[in-house]
Structure formats: structure tokens, C-alpha cells
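Letter 114 of the sequence shown, counting from 1, is numbered 101 in our numbering, and no numbers are missing.
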Amino acid sequence: MQKTVLITGASSGFGLEACDAFLAEGYSVLAAVRGGATRMPLFADLFARYSGNIELFELDLLDPASIDRLVTTLESRAPIDGLINNAGYGLFGATEDVSDESLRLQMEVNFFGTFALTQKLLPSLRKTKGVILTVSSIVGRHALPLTGAYCASKFAVEGWMESLSAELKPYDVACYILEPGGYPTGFGTSLSWSEPHLQSAYAAPTKGYQILRENISKQNQGKSIRPVAQKMVYLLSKRPSGLRHLIGSDALMTALFGKILPANLWHNIISLVMNKLQRKNV
Ligand SMILES: NC(=O)c1ccc[n+]([C@@H]2O[C@H](COP(=O)([O-])OP(=O)(O)OC[C@H]3O[C@@H](n4cnc5c(N)ncnc54)[C@H](OP(=O)(O)O)[C@@H]3O)[C@@H](O)[C@H]2O)c1
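In C-alpha cells form, the structure reads like this:
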């Protein structure tokens, strides 16, 4: 029987690529995007190739009413088999420079909204003994300086998913955390920086980090994001063991060092290297 997957943040990057990859595997795809049908042009090619197997839905994780509307719409249909919590963005910058409002928005999208949507879809996922996959990041495992708000949102996601995974085991609902390294998606352009105040002690390292990120983005240009989407399909279809799954050579390397080196040493190395790189670029 054809399986149905709901993908959040389907308008761009990993989410859009995941729509394509799941459709290619014969899934029925419910693509959740901000703006609903107004984003149709982004999906013209997928609708042309897979019409009947893909539908667009409005979802803004900042708006609880939008989450409720989507859940209500889905309740009148056959229960979904998979949920890909992919929507998210990064808020970077020094802790001293982060505004309360921007911090709350970051947590609202990456954690609270994602939690609320999943919570409301659990009855459906229990019925199908489905799969929940939440996209975290390698920085949801090893935090970097000047990215505290984003790291916190991904650490929150990881703690919650680890708990949920155990909670749902008796119901045969599988949970996965996907931890990508750097990939060329819309992430870089939607990145929100906490602009340092004029007298901020962090103005120079923040500028340095912005330049460092631009350089890394240039190096990543041309890197295919298909493997990330394929990994999502693999996890949902094959349901392998293990909660956390890395993707990308940078993520794998970081996690490897994090495993073989004593935690304090690895933390000190990351701090030293990142702080040096951030200052070097100024
Ligand atoms: N690319 C990387 O290097 C990287 C690495 C590690 C983890 N990640 C994670 O991967 C996930 C996907 O990001 P991406 O790299 O594919 O970036 P992307 O191309 O910018 O895609 C992000 C998606 O999230 C959606 N989104 C943002 N705010 C939303 C909201 N309030 N409600 C609903 N949807 C919202 C965006 O929709 P709009 O088009 O409406 O803005 C977009 O579809 C994110 O969770 C990100 O943290 C990315």
C-alpha cells in the first residue's frame, strides 16, 4: 500500500529535495510550506512528474492556529505513515548580542512549533506505527561558539526526540534524529545574525565568523544535497536501529573526534580552533 509522508519546510533545501526523493520511491507526499498554494510555482516540476502523489499544505510553525488547521485537515484523511520535521533556520551571534525576541522566534520554529505539530500528529502516527524524523544538525551534538541560540534549539530537539523515541517504542513508532553537516541550501541566506551593538565585545569575532561562513559556503557550493534526502527515505523505509544518524563528511569527522577524544579535550580543541578562525578573518 502507498505510504504517506508529511514534510515540513518543503519549499526549499533539504525539504524540497526530500519531496522529490520520496515521490521517486512511490510515496504520497504532503508538502507543508509557509504560504500554502502561493508557493505552487516551486513545485511545478514535481506536480508535472508526480501529479496525484503530491499535495501542498499551509504551515507556519510560528503560528499555533496554522499548526492546528493542518492537523484538523489531516484528521479527515487516512493517517500519515511518516513525519519529517525539517523546517528550521539558524540564529547565529554572541549570547550577549542575542535579543530576547529573536531567541524566542528561534526556539518557536526549531523547537516549540516542531514539538506542537508532532504532538498533535502522534495519534495518527500511532495508528500507522509510523516514523518521525527530525532534522537536527551536527551542532545539535557538538556546539560551536557564536551559535548558542541555534545550538540550544537543536540540543532541545535532540533531548526531546531521545525521550520520545523511548516513549514510543511500545507503540512501534520509530524516531530518528538526522544530523547534517554543512550543505548548500537556503540555510545560509535565511541565516539570522544577532548584530553586535556598536560597543559589543563580540563585533570582531562575529564579523570574522560571518566571513568564515561565507568561505565555507563557497567551498560547499556544488555539493549535492540529494544524499540527505536519500538518507531520509532510507530511514523511513528501512527503519534501521539507532536514533542519531549523521550525514556529510564534516559531520562524520566532527562526531568521530568527539567520540575518540576525551570530552574536555575535544571541547577545548573546538573552542580554540573556532575562536582562532573567527578572529583570523577580521
Ligand atoms: N543546510 C545546512 O547546512 C544544514 C545543516 C544542518 C542542519 N540543517 C537543518 O536542516 C533543516 C532544513 O534547512 P535547509 O538547510 O534545507 O534550509 P532552507 O533551504 O532555508 O530550508 C528551510 C525550510 O524551513 C522553512 N521554515 C522556516 N521558518 C519556518 C516557519 N516559521 N514555519 C514553517 N516553515 C519554516 C523554510 O520555509 P520558507 O521558504 O517559507 O522560509 C524552508 O522551507 C533545518 O532544520 C536546518 O536547521 C541545515
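Ideal Cβ placement from N, Cα and C applies to all residues, glycine included.
Examine ligand 1 and report whether any of its heavy atoms sits within less than 6 Å of the Cβ of residue i.
{"i": "V215", "result": "no"}
{"i": "G135", "result": "no"}
{"i": "V122", "result": "yes"}
{"i": "L252", "result": "no"}
{"i": "D47", "result": "yes"}
{"i": "P167", "result": "yes"}
{"i": "A74", "result": "yes"}
{"i": "R21", "result": "yes"}
{"i": "V16", "result": "no"}
{"i": "D1", "result": "According to the sequence shown, residue 1 is Phe rather than Asp. Yes - ligand 1 has a heavy atom lying nearer than 6 Å to the Cβ of F1."}
{"i": "V160", "result": "no"}
{"i": "S187", "result": "no"}
{"i": "S177", "result": "yes"}
Our contact map puts residue i next to residue j with C-beta atoms below 8 Å; I'd like the distance itself, whole angstroms only.
{"i": "P183", "j": "A81", "result": "7 Å"}
{"i": "P171", "j": "V215", "result": "About 11 Å; that fails the 8 Å criterion."}
{"i": "S15", "j": "N40", "result": "5 Å"}
{"i": "F9", "j": "V220", "result": "6 Å"}
{"i": "L120", "j": "L222", "result": "6 Å"}
{"i": "F98", "j": "A143", "result": "4 Å"}
{"i": "E145", "j": "G127", "result": "5 Å"}
State the start and end residues of the unbroken alpha helix (DSSP H) segment that holds residue i.
{"i": "T241", "result": "S236 to I247"}
{"i": "P167", "result": "Here P167 belongs to no alpha helix (DSSP H); instead the beta strand (DSSP E) covers A161 to P167."}
{"i": "A136", "result": "G135 to L155"}
Please determine, among the options, the residue with the shortest C-alpha to C-alpha distance to residue i.
{"i": "T193", "options": "D237, E83, L233 and G117", "result": "E83"}
{"i": "Q217", "options": "L3, Y196 and G(-4)", "result": "L3"}
{"i": "M21", "options": "Q206, P227 and I(-6)", "result": "Before going further, note that residue 21 is Arg rather than Met in the sequence given. Answer by Cα proximity: I(-6)."}
{"i": "N207", "options": "G175, K225, R231 and H232", "result": "G175"}
{"i": "T307", "options": "T241, G69 and P132", "result": "Nothing in the structure corresponds to residue 307, since the chain is present only between -12 and 269."}
{"i": "K141", "options": "S123, L155, Y158 and W147", "result": "S123"}
{"i": "E12", "options": "S224, V260, L92 and I234", "result": "S224"}
{"i": "E95", "options": "K116, L48, P66 and T59", "result": "L48"}
{"i": "T134", "options": "V118, L178 and K156", "result": "L178"}
{"i": "Y37", "options": "L46, S53, S152 and C6", "result": "C6"}
{"i": "S111", "options": "Y158, F34, L46 and N202", "result": "Y158"}
{"i": "N287", "options": "I198, H129, A52 and L92", "result": "The question about residue 287 has no answer here: the residues shown for the chain are numbered -12 through 269."}
Beta strand (DSSP E) containing residue i: first to last residue?
{"i": "V58", "result": "Element bounds for V58: not the beta strand (DSSP E) but the alpha helix (DSSP H), P51 to E62."}
{"i": "L108", "result": "Where L108 is concerned, there is no enclosing beta strand (DSSP E), although the alpha helix (DSSP H) it sits in stretches over T101 to T115."}
For residue i, count neighbouring Cβ atoms within 10 angstroms of its own Cβ and tell me buried if that reaches 16, exposed if not.
{"i": "N251", "result": "exposed"}
{"i": "N72", "result": "buried"}
{"i": "V260", "result": "exposed"}
{"i": "T105", "result": "buried"}
{"i": "Q(-11)", "result": "exposed"}
{"i": "G305", "result": "The structure shown does not extend to residue 305, since the chain spans only -12 to 269, so no value can be given for it."}
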